[in-house]
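Residue numbers (my numbering): 404 to 486. Using N, Cα and C, we set each Cβ at its ideal position, and we do this for glycine too. All values derive from a computational prediction rather than experimental measurement.
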């Protein structure tokens, strides 16, 4: 996360719960909702997100950041509507 957030590289993704929820919605992830167990599984799903980003013409780190922001706002709005 530090390397991406400091601008050193945008070739890494941080697969947190917001990104995993997005990936699940897009059919890119089918595991447990909030975590990935094991380094090899993490690498596989990061690679899947990287391929998705390449199809969009975006760096995976920037796409990850955008997904994180949008999903946080979306989830917050959904909670407000439900209340």
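Neighbourhood of residue i by C-beta, 8 angstroms cutoff - its chain only, sequence neighbours within 5 removed
| i | result |
| --- | --- |
| residue 462 | 413, 414, 456 |
Boundaries of the alpha helix (DSSP H) in which residue i is found, first to last residue
| i | result |
| --- | --- |
| residue 448 | 442-459 |
| residue 467 | 463-485 |
Residue burial classification, residue i (beta-carbon count within 10 angstroms, cutoff 16)
| i | result |
| --- | --- |
| residue 423 | buried |
| residue 438 | exposed |
Length of the line joining the Cα atoms of residue i and residue j
| i | j | result |
| --- | --- | --- |
| residue 459 | residue 446 | 20 angstroms |
| residue 434 | residue 444 | 10 angstroms |
| residue 416 | residue 476 | 19 angstroms |
| residue 449 | residue 478 | 22 angstroms |
| residue 432 | residue 480 | 23 angstroms |
Contact belief for residue i with residue j at Cβ below 8 angstroms, rounded distance in angstroms
| i | j | result |
| --- | --- | --- |
| residue 426 | residue 452 | 6 angstroms |
Contacts around residue i, its chain only, beta-carbon distance under 7 angstroms, and the 5 residues preceding and following it disregarded
| i | result |
| --- | --- |
| residue 470 | 421, 422, 425 |
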